[in-house]
Amino acid sequence: MKTRIGPRNPHLAAAGFRFARWLGRLTMSNAGFHQLGSQFANERLARVREKLGRGETVYLAGLGLPGTHNAGVALVEVTQATGPRLIVNNEEERFSGVKHTTEYPRVSIDGMVAVLRGMGRDIDDIDAWLTSWDYPTLAGTMFRTLLEEFPSSLRLLRVSQASAFDGRRLDQMTRSPKFLARQLGLTQPVQLICMPHHGNHAWFSYAASPFADDGEPVAVAVLDGTGDLSSISLYTVENGTMRQLYTNDSMFDSLGMYYSVVSSTQGGWTWLSSEGRYMGAAAWGDMNRASNPYYSRLKHVLHLGDNGEIKLNREMANWHSDPSYIPYKPSLIDILGEPLKPEQLWNPDAMLRVEDIHHRPDTKDRLDKAAATQLVFEDAVIHIVDHLLRTSGASRLVLTGGVALNAIGNMRLLEHFDEAWFEKNQQRKKRLHLWVPPVPGDPGVTIGAAWQFAHLAGAPRGAPMTHAFYCGVPPTPEDIAAALKADDVASERIGEISTAAGRDAIADLMAHMVSQNGVIAIYQGAAETGPRALGHRSILANPCDPEARERLNERVKYREAIRPLAPMATLEAAQKYFDLLPGGSDADYNAYNYMVLTAQSKPGAREKIPAVIHADGTGRIQIVRAEDDPLIFAYLKAMGRRVGVEMSVNTSFNVAGPIAQTPQQAIDTLRRSKGLDAVLMVADNGAVHAAWHGGERDSGRFRNWLADWKTAWASSRPKR
Numbered sequence: 090m091k092t093r094i095g096p097r098n099p100h101l102a103a104a105g106f107r108f109a110r111w112l113g114r115l116t117m118s119n120a121g122f123h124q125l126g127s128q129f130a131n132e133r134l135a136r137v138r139e140k141l142g143r144g145e146t147v148y149l150a151g152l153g154l155p156g157t158h159n160a161g162v163a164l165v166e167v168t169q170a171t172g173p174r175l176i177v178n179n180e181e182e183r184f185s186g187v188k189h190t191t192e193y194p195r196v197s198i199d200g201m202v203a204v205l206r207g208m209g210r211d212i213d214d215i216d217a218w219l220t221s222w223d224y225p226t227l228a229g230t231m232f233r234t235l236l237e238e239f240p241s242s243l244r245l246l247r248v249s250q251a252s253a254f255d256g257r258r259l260d261q262m263t264r265s266p267k268f269l270a271r272q273l274g275l276t277q278p279v280q281l282i283c284m285p286h287h288g289n290h291a292w293f294s295y296a297a298s299p300f301a302d303d304g305e306p307v308a309v310a311v312l313d314g315t316g317d318l319s320s321i322s323l324y325t326v327e328n329g330t331m332r333q334l335y336t337n338d339s340m341f342d343s344l345g346m347y348y349s350v351v352s353s354t355q356g357g358w359t360w361l362s363s364e365g366r367y368m369g370a371a372a373w374g375d376m377n378r379a380s381n382p383y384y385s386r387l388k389h390v391l392h393l394g395d396n397g398e399i400k401l402n403r404e405m406a407n408w409h410s411d412p413s414y415i416p417y418k419p420s421l422i423d424i425l426g427e428p429l430k431p432e433q434l435w436n437p438d439a440m441l442r443v444e445d446i447h448h449r450p451d452t453k454d455r456l457d458k459a460a461a462t463q464l465v466f467e468d469a470v471i472h473i474v475d476h477l478l479r480t481s482g483a484s485r486l487v488l489t490g491g492v493a494l495n496a497i498g499n500m501r502l503l504e505h506f507d508e509a510w511f512e513k514n515q516q517r518k519k520r521l522h523l524w525v526p527p528v529p530g531d532p533g534v535t536i537g538a539a540w541q542f543a544h545l546a547g548a549p550r551g552a553p554m555t556h557a558f559y560c561g562v563p564p565t566p567e568d569i570a571a572a573l574k575a576d577d578v579a580s581e582r583i584g585e586i587s588t589a590a591g592r593d594a595i596a597d598l599m600a601h602m603v604s605q606n607g608v609i610a611i612y613q614g615a616a617e618t619g620p621r622a623l624g625h626r627s628i629l630a631n632p633c634d635p636e637a638r639e640r641l642n643e644r645v646k647y648r649e650a651i652r653p654l655a656p657m658a659t660l661e662a663a664q665k666y667f668d669l670l671p672g673g674s675d676a677d678y679n680a681y682n683y684m685v686l687t688a689q690s691k692p693g694a695r696e697k698i699p700a701v702i703h704a705d706g707t708g709r710i711q712i713v714r715a716e717d718d719p720l721i722f723a724y725l726k727a728m729g730r731r732v733g734v735e736m737s738v739n740t741s742f743n744v745a746g747p748i749a750q751t752p753q754q755a756i757d758t759l760r761r762s763k764g765l766d767a768v769l770m771v772a773d774n775g776a777v778h779a780a781w782h783g784g785e786r787d788s789g790r791f792r793n794w795l796a797d798w799k800t801a802w803a804s805s806r807p808k809r
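Shown next as structure tokens:
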């Protein structure tokens, strides 16, 4: 197999990078963008440091601006005593309805300002506005990519989202200081400090982790589609000080881009939608390296070099020049076949579907290709982490960046770096301990920009994270009442959760419906930030129902049968039915709180909880704690009483779009989902309303369940 690693024109590309970054720094500073190390950034850091030293509270805003996916804004409060605290992390997609949107985050910013004013503060109290990308460096990197394979790489100019960038809105980004000033009613453009993208990923993910500052090193790996400089960056933290060990200065020597291109052109979905689906499909293919018919040849697409380096084999791949129309060279076509073209994506006849496995002769081959893609990916991640652990001497790893959403790959790390590996390579009795944040991808870098700036200003790291909140604010009773005023929706106030007794009643009603194979949604509090619904915007179903997965995918979510359903569970139930590896045990198995880590099921689990066991015997688990989510915890305990297992199906409350954010979006999602029996909506005062299909669509199921439950609940209560 022929191999070419590295760009065709490395010196030209490097010179172009330096020139474009210099020009970007010069022109963008005049527009209101300032890099770290600039006079403006230094002065602002000094001012924040002084305020913290005087015991004052500091407010920082992290911005995800137009042009890069997942636009939004985070508001972070910082004190010298406690460090950063996340107030809100608004994702614009939740308000616009456009998933991974690249538009200017106007509504997110309005919502953040409303929260700030609700706290008795105002715009003047924001001490620094911080961007989630270092834009002058990004300009240099984008120019470098155009020169690396010149002239063939000029085809990148015609690709509107070659790397999840939107060229038209990147132009809008340069005017964001003026847009922001106009939106906030200010007379001068808002001055923005550009925070390095991978530094944002790295520091926030480490600071929010359960790993203590005890003198032992902690390794941090940022594995990304691309950042403003690199796609892979490695760090170590000792005694609270983070040091960068390596960055690969490449957009295309990227595990994220490898997985995005192959999953899209083989699976039939667009980037940022294809990766999770393809990972799910891999479980249906041959995951054995010795017998998979594609693995031994496909593995050459990534060159595993010295010192943990990953390089794209440019003799096989062509996405460094044209990721959309000609992403494969002939040798890769020989392995995978012709790639799907952009106009074929989302075409039902082109998409990979598990249900075709008995009807289309090519489906088994396509699933084996998905498995081979996953296996090559796992090889590369293990290769990187192997070198990082050897170099740093660490046994604890924080994994972040969009690549860290590959939950199967995360589990493989815990399996691979066991006591035998540490005995051989570090000569000590250890095993890998892993933590992945609930927002490892770009919805987290807005938070990270503020967290990293606070760290540079001398603030302590802050408290470990145990849940993925918050996006937006909890709904008021008035918000919910307005959404429920609809002719096609029936509703009723069914209780409240402001007291323990009221909460237990609602939780038991939820379990009563789900135990009878009902499908319900819970809408409570502020929404989770990030890609996973964790009990505030969730659809719930019976894990013991063998038909739940098919019913949810076909009649509720309208999605491919490839997609697994995730289990949410109490810690005791998780330990009973899944093999929770000791490498995820820090802070009472905190690593399993966010659906970013799969676990192998134990013998007998598939028979008891078939809905949440995937084709490969795994489950992408979420452990729920009473202190983090009292209502869902009470519901899981009630499920234990009713079905014999403290567990539930949990999938995000959405239909072919972002997770429902507002009460109106919740009702719209109910309308679109014919298989959803009811939505329970909890206001910020604890009042709970149920909404269900009205008129001709009313099946009567919810009303019958409610009546039966009321009778049984009343008879079970002690007489006064």
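Numbering-wise (the numbering used here), the sequence shown opens with residue 90 and increments by one.
Every residue gets a Cβ at the ideal spot worked out from N, C-alpha and C, and that includes glycine.
| query | result |
| --- | --- |
| Return the chain-ordered list of same chain residues with a C-beta closer than 6 Å to the C-beta of Gly-329, the five sequence neighbours on each side being excluded. | Asp-302 |
| Go through the segment 583-625 residue by residue and report every complete run of the alpha helix (DSSP H) that reaches 4 residues or more, in order. | 589-604 |
| On the premise that Tyr-724 lies in contact with Ser-690, defined as a C-beta separation below 8 Å, what is that separation, rounded to the nearest angstrom? | With a Cβ gap of about 22 Å, Ser-690 and Tyr-724 do not count as contacting. |
| Between the alpha carbons of Val-465 and Lys-418, how many angstroms are there, rounded? | 18 Å |
| Please classify Asp-211: does DSSP put it in a helix, a strand, or coil? | coil |
| Just to confirm my understanding: we take Ala-251, look at its own chain, exclude 5 residues before and 5 after, and list those with CB closer than 6 Å. What are they? | No answer about Ala-251 holds up, because its pLDDT of 48 lies below 50 and its placement is not dependable. |
| Measuring only between beta-carbons, confirm whether Ala-203 sits less than 7 Å from chain B. | No chain B appears in the structure shown, which is made up of a single protein chain. |
| Helix, strand or coil: which one does DSSP assign to Arg-709? | strand |
| Does the Cβ of Gln-754 have 16 or more other Cβ atoms within 10 Å, making it buried, or fewer, making it exposed? | buried |
| Is Arg-644 near Phe-742, with beta carbons less than 7 Å apart? | no |
| Tell me which residue opens and which closes the beta strand (DSSP E) that Lys-400 is part of. | 399-401 |
| For Arg-479, is the classification buried or exposed, using 16 other Cβ atoms within 10 angstroms of its Cβ as the cut-off for buried? | exposed |
| If you count every other CB in all the chains shown that lies within 10 Å of the CB of His-448, and 16 or more means buried, which is it? | exposed |
| Suppose contacts are defined by Cβ-Cβ distances below 7 Å. Is Gly-624 in contact with Asp-718 by that definition? | yes |
| Quick one: which unbroken alpha helix (DSSP H) runs of 4-plus residues sit fully inside the segment 685-753? Chain order, please. | 694-697 and 719-732 |
| Where do the ends of the alpha helix (DSSP H) carrying Arg-481 lie? | Contrary to the premise, residue 481 reads as Ser rather than Arg in this sequence. Run containing Ser-481: 452-481, per the alpha helix (DSSP H) assignment. |
| In the DSSP assignment, find the unbroken alpha helix (DSSP H) run with Pro-419 in it and report its ends. | 419-425 |
| Thinking C-beta only, is Pro-155 closer than 7 Å to Gln-272? | no |
| Which whole-angstrom value describes the C-beta separation of Tyr-148 and Arg-206, a residue pair presumed to lie in contact below a C-beta threshold of 8 Å? | Rounded, the Cβ-Cβ distance is 12 Å, inconsistent with contact. |
| Judging by CA-CA distance, which residue of Pro-553, Ala-589, Gly-693 and Met-599 is the nearest neighbour of Ala-676? | Pro-553 |
| May I ask you to report which of helix, strand or coil DSSP gives Arg-107? | helix |
| For Glu-237, is the classification buried or exposed, using 16 other Cβ atoms within 10 angstroms of its Cβ as the cut-off for buried? | buried |
| For Glu-649, is the classification buried or exposed, using 16 other Cβ atoms within 10 angstroms of its Cβ as the cut-off for buried? | buried |
| How many angstroms separate the CA atom of Pro-563 from the CA atom of Leu-141? | 30 Å |
| Using the Cα positions of Leu-164 and Asn-178, report the straight-line distance between them to the nearest angstrom. | 6 Å |
| Using CA coordinates, which residue listed in Ser-762, Ala-570, Thr-687 and Asp-668 is at the minimum distance from Ala-776? | Ala-570 |
| For Ala-217, which of helix, strand or coil comes out of DSSP? | strand |
| Among Lys-697, Gly-706 and Ile-702, which one has its Cα closest to the Cα of Gly-733? | Lys-697 |
| From this set, Ser-242, Gln-664 and Ala-596, which residue's C-alpha is nearest Met-728's C-alpha? | Ala-596 |
| Leaving out the 5 sequence neighbours to the left and right, which residues in its chain are closer than 7 Å to Arg-613 when beta-carbon positions are compared? | Going by the sequence as given, residue 613 is Gln instead of Arg. His-625, Leu-720 and Val-771. |
| Can you tell me which residues form a DSSP beta bridge with Gly-161? | Gly-153 and Glu-180 |
| State the Cα-Cα distance for the pair Trp-222 and Asn-159, rounded to the nearest angstrom. | 12 Å |
| Take the Cβ of Asp-213 as the centre, count every other Cβ of all protein chains shown within 10 Å, and call the residue buried at 16 or more, exposed below. | exposed |
| Does the segment 191-207 come close enough to the segment 285-293 to have 3 or more Cβ pairs within less than 8 Å? | no |
| Nearest to Ser-737 by CA position, among Ala-680, Thr-618, Ile-609 and Ala-379, is which residue? | Ile-609 |
| When the Cα atoms are used, what is the spatial distance from Glu-166 to His-544? | 13 Å |
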